[in-house]
């Protein structure tokens with residue numbers, strides 16, 4: 001499924017869902033056995049991973065940026081132009097930092113844990129236009 005590229009439709013249909021778990025970012029040379037990350041990115045310095053805070057604690061990993069995960073359930077194309085820019089701008093205007101991660105089918109946002117409800121309000125307002 002290629003996904004949508006129309007910015008107006010993407011924003012109106014983003015349908016954000018807030019995940020209940022607190023997440024953190026970690027960096028490791030390799031994933032410890034049994035750790036199932038939410039997302040990974042290979043960098044020159046090591047493997048960055050987004051994991052639940054509970055999993056980080058269970059594996060003795062020091063996590064940074066306690067955050068909430070939000071999935072934008074609209075089927076966005078990897079070639080869509082301006083979707084994440086519009087979203088991160090709206091969040092920035094509200095003073096909410098975000099770390100976006102693009103998946104094949106959906107985009108995902110990681111926002112400060114204590115601002116998760118504010119972020120959801122901004123996203124819902126943006127979807128309403």
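In full-length UniProt numbering, the protein residues as written are 1 to 129.
Where is the CB? At the ideal position from N, CA and C, for every residue including glycine.
First through last residue of the alpha helix (DSSP H) which encompasses residue i
i: residue 41; result: Here residue 41 belongs to no alpha helix (DSSP H); instead the beta strand (DSSP E) covers 39-43.
i: residue 98; result: From DSSP, residue 98 is part of no alpha helix (DSSP H); its letter is neither H nor E.
i: residue 36; result: No alpha helix (DSSP H) holds residue 36; DSSP gives it neither H nor E.
i: residue 124; result: 116-128
i: residue 93; result: 83-93
i: residue 109; result: Not the alpha helix (DSSP H): residue 109 falls in the beta strand (DSSP E), residues 107-112.
Delimiting residues of the beta strand (DSSP E) encompassing residue i
i: residue 72; result: 64-72
i: residue 18; result: 16-28
Buried or exposed by the 16-neighbour rule on C-beta atoms within 10 Å, applied to residue i
i: residue 129; result: exposed
i: residue 78; result: exposed
i: residue 17; result: exposed
i: residue 124; result: exposed
i: residue 57; result: exposed
i: residue 87; result: buried
i: residue 46; result: exposed
i: residue 36; result: exposed
i: residue 41; result: exposed
Reference residue i, options the options, closest by Cα
i: residue 28; options: 105, 61, 122 and 4; result: 61
i: residue 106; options: 80, 118, 86 and 68; result: 80
i: residue 127; options: 50, 84, 99 and 53; result: 84
i: residue 115; options: 54, 97 and 36; result: 97
i: residue 101; options: 76, 95, 31 and 118; result: 76
i: residue 5; options: 109, 113, 74 and 121; result: 74
i: residue 19; options: 12, 122, 110 and 2; result: 110
Residues that residue i bridges to, as DSSP identifies them
i: residue 49; result: 26 and 40
i: residue 4; result: 76
Min CB distance residue i to chain C below 9 angstroms
i: residue 19; result: Looking for chain C here will not work: only one protein chain is present.
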